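What follows is one structure encoded as structure tokens, with my remarks underneath.
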Amino acid sequence: MRTLDLDLPLDASPLSRFMLWVTGTLVGLAVLAFALASLAQGRIVEEARRPRVVTVALPPAPPGEAEGLVGRVTAMLEREPGAAYAAPVSKAEIDGLVEPLLAGAGAGDNAGAGAGAADRFPLPRLIDVAFNPGTAPDLGALERRVQRLVPGSTIGDAGPLGSDDGRLVRLLRALGLATGSVFVLLALVAVVMVTRMSLRQHHETVDLLRLMGARDGYVARQFEHHALLGAFKGGLIGFAAAMLVVVGVVHGPAMLGDPPVVPVRLRPLDWVLLSMVPVVTALLVTLTARLAAVLTLRRT
Amino acid sequence: MRTLDLDLPLDASPLSRFMLWVTGTLVGLAVLAFALASLAQGRIVEEARRPRVVTVALPPAPPGEAEGLVGRVTAMLEREPGAAYAAPVSKAEIDGLVEPLLAGAGAGDNAGAGAGAADRFPLPRLIDVAFNPGTAPDLGALERRVQRLVPGSTIGDAGPLGSDDGRLVRLLRALGLATGSVFVLLALVAVVMVTRMSLRQHHETVDLLRLMGARDGYVARQFEHHALLGAFKGGLIGFAAAMLVVVGVVHGPAMLGDPPVVPVRLRPLDWVLLSMVPVVTALLVTLTARLAAVLTLRRT
Amino acid sequence: MRYDGAAEVLHDITLTLKSGSFYFLTGPVGAGKTSLLRLLSLSHPAYRGTIRVFGRDFALVGREEAARLRQRIGVVFQDFRLLEHLSAFDNVALPLRIAGADDERVAASVPEMLRWLGLDAVMEAPPRQLSMGERQLVCIARAVVTRPALLLADEPTSNVDPERAERLMHLFVQLHGLGTSVVLSTHSQDLPRRHPFPGLRLEAGRLVAAA
Amino acid sequence: MRYDGAAEVLHDITLTLKSGSFYFLTGPVGAGKTSLLRLLSLSHPAYRGTIRVFGRDFALVGREEAARLRQRIGVVFQDFRLLEHLSAFDNVALPLRIAGADDERVAASVPEMLRWLGLDAVMEAPPRQLSMGERQLVCIARAVVTRPALLLADEPTSNVDPERAERLMHLFVQLHGLGTSVVLSTHSQDLPRRHPFPGLRLEAGRLVAAA
Ligand SMILES: Nc1ncnc2c1ncn2[C@@H]1O[C@H](COP(=O)(O)OP(=O)(O)OP(=O)(O)O)[C@@H](O)[C@H]1O
Ligand SMILES: Nc1ncnc2c1ncn2[C@@H]1O[C@H](COP(=O)(O)OP(=O)(O)OP(=O)(O)O)[C@@H](O)[C@H]1O
Ligand SMILES: [Mg+2]
Ligand SMILES: [Mg+2]
Chain A
20 MRTLDLDLPL DASPLSRFML WVTGTLVGLA VLAFALASLA QGRIVEEARR PRVVTVALPP
80 APPGEAEGLV GRVTAMLERE PGAAYAAPVS KAEIDGLVEP LLAGAGAGDN AGAGAGAADR
140 FPLPRLIDVA FNPGTAPDLG ALERRVQRLV PGSTIGDAGP LGSDDGRLVR LLRALGLATG
200 SVFVLLALVA VVMVTRMSLR QHHETVDLLR LMGARDGYVA RQFEHHALLG AFKGGLIGFA
260 AAMLVVVGVV HGPAMLGDPP VVPVRLRPLD WVLLSMVPVV TALLVTLTAR LAAVLTLRRT
Chain B
20 MRTLDLDLPL DASPLSRFML WVTGTLVGLA VLAFALASLA QGRIVEEARR PRVVTVALPP
80 APPGEAEGLV GRVTAMLERE PGAAYAAPVS KAEIDGLVEP LLAGAGAGDN AGAGAGAADR
140 FPLPRLIDVA FNPGTAPDLG ALERRVQRLV PGSTIGDAGP LGSDDGRLVR LLRALGLATG
200 SVFVLLALVA VVMVTRMSLR QHHETVDLLR LMGARDGYVA RQFEHHALLG AFKGGLIGFA
260 AAMLVVVGVV HGPAMLGDPP VVPVRLRPLD WVLLSMVPVV TALLVTLTAR LAAVLTLRRT
Chain C
72 MRYDGAAEVL HDITLTLKSG SFYFLTGPVG AGKTSLLRLL SLSHPAYRGT IRVFGRDFAL
132 VGREEAARLR QRIGVVFQDF RLLEHLSAFD NVALPLRIAG ADDERVAASV PEMLRWLGLD
192 AVMEAPPRQL SMGERQLVCI ARAVVTRPAL LLADEPTSNV DPERAERLMH LFVQLHGLGT
252 SVVLSTHSQD LPRRHPFPGL RLEAGRLVAA A
Chain D
72 MRYDGAAEVL HDITLTLKSG SFYFLTGPVG AGKTSLLRLL SLSHPAYRGT IRVFGRDFAL
132 VGREEAARLR QRIGVVFQDF RLLEHLSAFD NVALPLRIAG ADDERVAASV PEMLRWLGLD
192 AVMEAPPRQL SMGERQLVCI ARAVVTRPAL LLADEPTSNV DPERAERLMH LFVQLHGLGT
252 SVVLSTHSQD LPRRHPFPGL RLEAGRLVAA A
């Protein structure tokens, strides 16, 4: 009963409502940011489990020699440590890759149909090599070894995620963690401000309590209780709102049978961690309110 | 003196500070949104002033015939109504376009250097046609006419802005206007809320004033004055902050000699219109505060 | 008369105050003196029966006229109700300004009033910097500065010394002489003894003696 | 003693109150009675000179001990200072709770106190629903419920009827009999006449008569 029946009329003040909205909004935003980080992390973990595929390109060669070269290089690549398999990319596939690039010329080519681009142009020959997940092949050394067999060869590496994609996902993870933390921090800053404003606003009551012999801790405890309640309520609201957004964006399309907007789902562990955000924030807010109150009171 | 010396202690309440921040933030966001709309509008206007260029592609032909065909088509295109000029794209340019696509094969090609791709592969020949600004050429009909001369020709059209680009810019303009308006509207909603909360908070003083024979208008005027002051201050701060951001993003890189982040600048008229945002918002806020106060007072 | 959701605090009161008369209102703590004055000041809408002030039925007058009627009533609140963020001067000037008086009239009447009550030194101080007696004097100044036709004074001498109390009574009697009707509630036994005006006595919300 | 940025309001006061004694404090409006009581209640730090209460120099005690000393002082404020959002009961219970009393003791002392003052009916009402006299009684109940060693009562009878005032004086005299030191400020001429305790008289911030 003592904890709900505060001596200070904190509940009635508009600051209190302000507090509720601020913690609600900031917790919501923090949860969204951390959800982004979780999704990115999920994608990174998933990619790390896939075999890593690099493509070796041999320079164009006369049709007769080409097959032999490709066979020799493929055999060498299969003996590489960590390599799961090595397979030449078929002519049809190369045609498929190159065709659209020459589309402008395609219209007038209808007459001589049937002959693929790979036949007509001296295109490079490609070999895909897959490495087992977890191995980190030294692509520089590999390239040099291939070039000893066939000068002019190159290795194209898309990286674990396709190099650009991978950087983006890692960036998103960092961004999510950073902005999430900033939002939590902002909530704490707001709590300090609100607590100090409250103390100023209720200074007559605070003075009266002290005049009756109340210690700083007695007064601070009221702000603590009040902040806990507000942060908890606001945090729950913010969390619920954020989760609705996340579910809507991530899982919504799948429910409607549409293609997913983002190609990853939240894992059960993510849900647990995300639901910790409002709880941890509420605790931090409570602690912050008490600290701010005690420190401000000590100065007067 | 009457206007500054309010009977209601509106200045002291934390609601007042809240009001300042809310109008500040919302005006700032509104200015940013409207700045985006302005930039988009500027780009659209600018593009409408540029000649429209389409590219005619003729199918590959033996080196001997090709030159003649290109000459005839070019001559025909120059006679098109509205056409400013028609010019064949040189072989060097075509090489430049195609080279990177065949880069994979480039490494092994070093031996036979000097011969461009356009010579080695049967590539299409391209002719650029520019139409005067304001004319809307019928590209379908034009394509049919060119095909009568050279079967298999196609016309590539980037649209006034590059079709995708154009849609994006128009979308940005609509988005900017819409969100800007929403922010202004939100500011007004906040004003209504704050006014009603203030009235509730100061109801003892309001009651006292009425008991002395004050009419509703007398009380409402105080909220009006107060809102005007707050909105004006907040609006200026928000406007200044937003303008700093705009100048930083739009004009900043140019000052440092970097390439611009966005390819357009704000025109002087834009600056005038944008600086109207805080002024108009302040007036709307004032009006809204008075209306909200009068309506609330009338009900009690 | 009843307060929100509370039991009735005044019962069966029939009372006609003569225009231009002076009444003492007495009774124990919680008898309903303040409540009765609140009805007379047209500030409490929750009552049964009829209230006529200046010959008009309060239930029937519009917002505009109610405001005008209220401007002719001066109230000394038992709890003062000064505006904390205004100086003593501005507090006293308030009813004049509400009634539309110009700055000249304010500058003439307010300092004179405050000086007469011995508050020259604290004219620019906000209420929180005044002693309780000083606050009560400011509240009285605010009630009489407009020379109201009806003065409702709730315990106007509770926080002042005997000399000041006598001075205030002198003021009220003077106003009464100029035609103001006065109703003055008090716990003092001295005042009615020294000033032989008719008395109204409330006990537990009922009028037990009226003159 | 001076208030923030204002002129000195109390000058050259040398005063020793005997433990277990009873003093009347009198003087005109604005003389400094409340200010003097404020010093004695250890709630005003801006003074020159020395204040000793319960034998301890206030300037030298730490925060913790100051709190403990204050718990032994009961104050009846001239402006009551009740907490608006708490019921009469909780207002009276406040000093007990601050002093760490358990719910049992609160439930025993508070209703008894309120009943004795005739406030049974309004125990759960917040101050704004009380008449001024009732508020003053709640404030007095709050000051004495802890049986303080020093009671500072500022105009405790200003808003109550003569019978209640007599009853309150009886209470104070009883407390005094149990060992509480009492300083009671008043504008009344009756009380000092009827209760022959020594008087202190302030005029314009100076002690002009001490017994
Ligand atoms: N706002 C309110 N809500 C509910 N009850 C109220 C309110 N104000 C007063 N009362 C009750 O009405 C009764 C009469 O109150 P009122 O203030 O009129 O008494 P009073 O005669 O002026 O007393 P006092 O001499 O103490 O000023 C009291 O019992 C009080 O508790
Ligand atoms: N907070 C304050 N700031 C500045 N001056 C003050 C403050 N409080 C009181 N004063 C001034 O100090 C003087 C003494 O005030 P105090 O309240 O002690 O008088 P008092 O004897 O209690 O008067 P009363 O009988 O009216 O209660 C007054 O002139 C008053 O204007
Ligand atoms: Mg009363
Ligand atoms: Mg005093």
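Protein chains in written order, with my numbering: chain A, 20 to 319; chain B, 20 to 319; chain C, 72 to 282; chain D, 72 to 282.
All residues carry an ideal CB built from backbone N, CA and C; glycine is no exception.
Computed from a predicted model, the values in this text were never measured in an experiment.
Short CB-CB distance (under 7 Å) between residue i and chain D
| i | result |
| --- | --- |
| A:Leu310 | no |
| A:Arg240 | no |
| A:Ala209 | no |
| C:Pro116 | no |
| A:Gly232 | yes |
| A:Leu248 | no |
| C:Asp232 | yes |
| C:Gln245 | no |
| C:Val100 | yes |
| C:Arg235 | yes |
Cα-Cα separation between residue i and residue j, rounded to whole angstroms
| i | j | result |
| --- | --- | --- |
| C:Thr228 | C:His247 | 17 Å |
| D:Ser202 | D:Val163 | 16 Å |
| A:Ala301 | A:Ala250 | 5 Å |
| A:Leu191 | A:Ser109 | 36 Å |
| B:Tyr237 | B:Gly61 | 47 Å |
| A:Glu97 | A:Ala80 | 22 Å |
| B:Gly232 | C:Arg139 | 6 Å |
| C:Ala224 | C:Phe148 | 7 Å |
| A:Asp111 | A:Ala76 | Checking the displayed sequence, the identity of residue 111 of chain A turns out to be Ala instead of Asp. Going from the Cα of A:Ala111 to the Cα of A:Ala76 covers about 16 Å. |
| C:Arg264 | D:Asp191 | 33 Å |
| B:Val213 | C:Ala220 | 38 Å |
| A:Pro28 | A:Ala246 | 13 Å |
| A:Glu162 | A:Arg69 | 22 Å |
Below-7 Å beta-carbon distance, residue i vs any chain C residue
| i | result |
| --- | --- |
| D:Val279 | no |
| D:Met203 | yes |
| B:Leu316 | no |
| B:Leu322 | The shown model of chain B, from 20 to 319, leaves out residue 322 of chain B, and the question about it has no answer. |
| D:Gly198 | Correcting the residue type first, residue 198 of chain D is Pro in the shown sequence and not Gly. It does not: the Cβ of D:Pro198 has no partner Cβ on chain C nearer than 7 Å. |
| D:His258 | yes |
Residue from the options with nearest C-alpha to residue i
| i | options | result |
| --- | --- | --- |
| A:Pro156 | A:Glu99, A:Arg36 and A:Leu145 | A:Glu99 |
| C:Glu155 | B:His221, B:Ile146 and B:Ala197 | B:His221 |
| A:Leu204 | A:Asp30, A:Thr44, A:Gln241 and A:Arg36 | A:Thr44 |
| B:Gly185 | B:Val89, B:Ser32, B:Ile63 and B:Ser57 | B:Ile63 |
Neighbourhood of residue i by C-beta distance below 6 Å, restricted to the same chain and skipping five residues each side
| i | result |
| --- | --- |
| C:Val253 | Phe93, Leu222, Phe243 and His247 |
| D:Gly276 | Val80, Leu81, His82 and Gly103 |
| A:Ala49 | Gly199, Phe202, Val203 and Val296 |
Residues near residue i in its chain [Cβ-Cβ closer than 8 Å; skip 5 each side]
| i | result |
| --- | --- |
| D:Ala196 | Ser158 and Ala159 |
| D:Val231 | Gly204, Gln207, Leu208 and Leu239 |
| A:Met216 | Leu34 |
| B:Leu316 | Leu218, Val225, Asp235, Val238 and Ala239 |
| D:His168 | In the sequence as presented, His is not what sits at residue 168 of chain D; that position holds Arg. Closer than 8 Å at Cβ, skipping near neighbours: Val177. |
Residue-level contact to chain E via CB, residue i, 7 Å cutoff
| i | result |
| --- | --- |
| A:Met38 | Within the model displayed, chain E is absent; protein chains A, B, C and D are what it includes. |
Proximity test, Cβ basis, 7 Å: residue i and chain B
| i | result |
| --- | --- |
| C:Arg141 | yes |
| C:Pro166 | yes |
| C:Ala138 | yes |
is_contact[residue i, chain A] using C-beta, thresh 7 Å
| i | result |
| --- | --- |
| D:Arg152 | yes |
| D:Ile122 | no |
Residue i - partner residues in DSSP beta bridges
| i | result |
| --- | --- |
| C:Ser252 | C:Leu221 |
Cutoff 7 Å; reference residue i; Cβ partners in own chain excluding five residues on either side
| i | result |
| --- | --- |
| B:Arg21 | Interpretation of B:Arg21 is limited by its pLDDT of 38, a score under 50 that renders its predicted location unreliable; no figure is taken from the coordinates. |
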